[in-house]
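Asker: Here UniProt numbering is used: position 165 in the sequence shown is 165, and no number is missing along the way. A virtual CB, placed ideally from N, CA and C, is assigned to each residue, including glycine. As the structure is a computational prediction, the values presented were derived from the model and not from experiment.
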Amino acid sequence: MDLLEYQGKQLFARHGIPVPSGKPAATVEAAVAAADEIGYPCVVKAQVLIGGRGKAGGVKLAKDRAEATQYATDILGMDIKGFTVHEVWIEGASEIAEEYYASIVFDRAAKAPLVMLSTQGGMDIEEVAEKTPEALARLHVDPLLGFQDFHGRKLAFAAGIPADLIRPVGAMLTKLYATFVAEEAMLIEVNPLIITPAREVVALDAKVTLDGNSLYRHPDNAALRDPSAEDPQEQMAHERGLTYVKLDGDIGILGNGAGLVMSTLDVVGLHGGEAANFLDAGGGSKSDAIVSAVEVILSDPKVRAVLFNIFGGITRCDEVAKGLIEAYGVIQPTVPFVVRLDGTNDVEGRKLLADANLPNVATATTMNEAAEKVVELAKTGVPA
1 MDLLEYQGKQ
11 LFARHGIPVP
21 SGKPAATVEA
31 AVAAADEIGY
41 PCVVKAQVLI
51 GGRGKAGGVK
61 LAKDRAEATQ
71 YATDILGMDI
81 KGFTVHEVWI
91 EGASEIAEEY
101 YASIVFDRAA
111 KAPLVMLSTQ
121 GGMDIEEVAE
131 KTPEALARLH
141 VDPLLGFQDF
151 HGRKLAFAAG
161 IPADLIRPVG
171 AMLTKLYATF
181 VAEEAMLIEV
191 NPLIITPARE
201 VVALDAKVTL
211 DGNSLYRHPD
221 NAALRDPSAE
231 DPQEQMAHER
241 GLTYVKLDGD
251 IGILGNGAGL
261 VMSTLDVVGL
271 HGGEAANFLD
281 AGGGSKSDAI
291 VSAVEVILSD
301 PKVRAVLFNI
311 FGGITRCDEV
321 AKGLIEAYGV
331 IQPTVPFVVR
341 LDGTNDVEGR
351 KLLADANLPN
361 VATATTMNEA
371 AEKVVELAKT
381 GVPA
């Protein structure tokens, strides 16, 4: 679950991480009142779950009440890369002597948290990593050992932090790591991490992604979820208990088991197609879950064809067939389907589909054949 900037800063503050004072506001009146209380100059910052706010005009420095009113009026309701601004964060202006970059992310390949630090803050970190990789210091942390004080000093020294700031920056990294662990985060990024003229270290930004599977242990964090800020298809899937990730293609994918779905994405790509989603119906899916899955997949207007790839174990293929037949009665899909059923009750499942004689539904016996068919259908709408 991604947090808005101000939510991330509030979380930081709970863990003793220095952040500028500020207040959220959902109306122009509330924004101006917050600016009056905080004082001028102040910064009016759009709150959306996307980067590039400054370049889009979503971050403005207000020198007085008139400018705060104007900027709040301009920014609230603004569209930034497809995200509508419903809130702004009014923050006291900060004096900046230097800008750094700091982040902690869970590195799945290394099976350990990765801490990164750079003196080139305020820039896209991808650009820094590509053009000047030596400017980005990295350190994997043994989860059992944890982040030690010497880790912070080692990173600061490797990143070229000035001598008088090595210990303060190291201490900041220690607090960020403690927050990462305590809140069960997947990502904590501060860009920029600023140094004030008084040589204080302050988190001027907060990008935080929490592990959605752990939210039941953190009710305060779970309450921060904003469904209106989420992708409509992903929100619908979440409400129905489905594992769904929206992608950029036009072929809807449903499988049972994350590994099978990922393999299906690869095979579809191998045949020249592009998946519109990742949807894992899970083990033991009943017909009602299949109906819900079809509704979620087809709620994406880009979908031109759908592939069911089911390898029955706990999941029964006849239940999947019943779900698709029921979905056709409820939704009446207009896009073609390719269905591959193999495993538990696959013969019964294929017989159910044959007897139902659903319009525009093709079957396949192998994953390779199914992928080839669905790619052709997505392009032409006519079975191969």
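What are the complete beta strand (DSSP E) segments, minimum 3 residues, inside the stretch 136-185?
Answerer: 136-140
Asker: Three-state secondary structure (DSSP) at R340?
Answerer: Note: R340 maps to strand in three-state DSSP.
Asker: My assumption, with CB atoms under 8 Å, is that I188 sits in contact with V208. Please give the rounded CB distance.
Answerer: 6 Å
Asker: Can the beta-carbon of A371 be found closer than 8 Å to that of V267?
Answerer: yes
Asker: Thinking just about the alpha-carbon of each residue, which of V48, D142 and E239 is nearest to the one in A289?
Answerer: E239
Asker: Going by beta carbon distance, what residues of the same chain come within less than 8 Å of G58, once the five residues before and after it are set aside?
Answerer: K45, A46, V48, I75, M78, I80 and V85
Asker: When the Cα of T243 is compared with those of D250, G249, G257 and P232, which residue comes out closest?
Answerer: G257
Asker: Along the chain, where does the beta strand (DSSP E) that runs through A110 open and close?
Answerer: It is not in any beta strand (DSSP E) - A110 carries neither H nor E in the DSSP assignment.
Asker: Using DSSP bridges, identify the partner residues of F308.
Answerer: L254 and V339
Asker: Can you tell me which residues form a DSSP beta bridge with K207?
Answerer: Answer is E189, bridged to K207.
Asker: Can the beta-carbon of I96 be found closer than 8 Å to that of N191?
Answerer: no
Asker: Identify the continuous beta strand (DSSP E) that holds I325 and give its terminal residues.
Answerer: Per DSSP, I325 belongs to no beta strand (DSSP E); it is in the alpha helix (DSSP H), C317 to V330.
Asker: Between the Cα of L298 and those of T363, G282, F150 and M236, spot the shortest distance and give me the residue it belongs to.
Answerer: M236
Asker: Tell whether a beta-carbon distance below 8 Å holds between I90 and A13.
Answerer: Taking 8 Å as the cut-off, the beta carbon of I90 is found no closer than this to the beta carbon of A13.
Asker: Report the residue ranges of all beta strand (DSSP E) runs contained in full by the stretch 54-102; include only those spanning at least 3 residues, in chain order.
Answerer: 59-62 and 88-92
Asker: Roughly how many angstroms separate the alpha carbons of L114 and E326, rounded to a whole number?
Answerer: 47 Å
Asker: Considering only C-alpha positions, which residue in the set L61, E295, V169 and Y101 is nearest to V330?
Answerer: Nearest option by C-alpha distance: E295.
Asker: Is it right to say Y101 is buried, meaning 16 or more other beta carbons lie within 10 angstroms of its own, or is it exposed?
Answerer: Buried, by the Cβ-count rule.
Asker: Among all the DSSP beta bridges, which residues are the ones paired with A46?
Answerer: According to DSSP, A46 shares a beta bridge with V88.
Asker: By the three-class DSSP mapping on this structure, what secondary structure does D220 have?
Answerer: helix
Asker: Tell me which residues share the same chain as R199 and place their Cβ nearer than 7 Å to its Cβ, disregarding the 5 neighbours each side in the sequence.
Answerer: Within the same chain, R199 has close Cβ partners D164 and L165.
Asker: For A26, which option in A66, F150, V88 and K55 has the closest C-alpha, if you only look at C-alpha atoms?
Answerer: V88
Asker: Going straight from the alpha carbon of P383 to that of D211, what length do you get?
Answerer: Because P383 carries a pLDDT of 49, less than 50, the predicted location of this residue cannot be relied on, and the following value inherits that uncertainty. Each residue's Cα considered, the two are about 41 Å apart.
Asker: Please work out which residues of its chain come closer than 7 Å, Cβ to Cβ, to D142, disregarding the five sequence neighbours upstream and downstream, and give them in chain order.
Answerer: Answer for D142: A112, listed in chain order.
Asker: So who's on the other strand from T243, going by DSSP bridges?
Answerer: Its beta-bridge partners are D280.
Asker: Is A384 helix, strand or coil by DSSP?
Answerer: With a pLDDT of 44 at A384, under the threshold of 50, the modelled position of this residue cannot be trusted, and the question is left open.
Asker: Mark R108 as exposed unless 16 or more other C-beta atoms lie within 10 angstroms of its C-beta, in which case mark it buried.
Answerer: R108 is exposed by the Cβ-count criterion.
Asker: Would you report the Cα separation of L145 and D2, rounded to the nearest angstrom?
Answerer: 27 Å
Asker: Taking only three categories from DSSP, how would you classify M1?
Answerer: coil
Asker: On the DSSP letters alone, give me the boundaries of the beta strand (DSSP E) that V361 sits inside.
Answerer: Its beta strand (DSSP E) spans residues V361 to A364.
Asker: By alpha-carbon positions, which one of R138, V375, G92 and A62 ends up nearest to L265?
Answerer: Per the C-alpha coordinates, the member of R138, V375, G92 and A62 positioned closest to L265 is V375.
Asker: Take the Cβ of V219 as the centre, count every other Cβ of all protein chains shown within 10 Å, and call the residue buried at 16 or more, exposed below.
Answerer: The sequence given here places Pro at residue 219; Val does not occur at that position. By the 10 Å Cβ count, P219 comes out exposed.
Asker: Helix, strand or coil: how does DSSP classify residue 385 here?
Answerer: Because the chain here runs from 1 to 384, residue 385 falls outside it and cannot be looked at.
Asker: Roughly how many angstroms separate the alpha carbons of E29 and P168, rounded to a whole number?
Answerer: Answer to the nearest angstrom: the Cα atoms are 39 Å apart.
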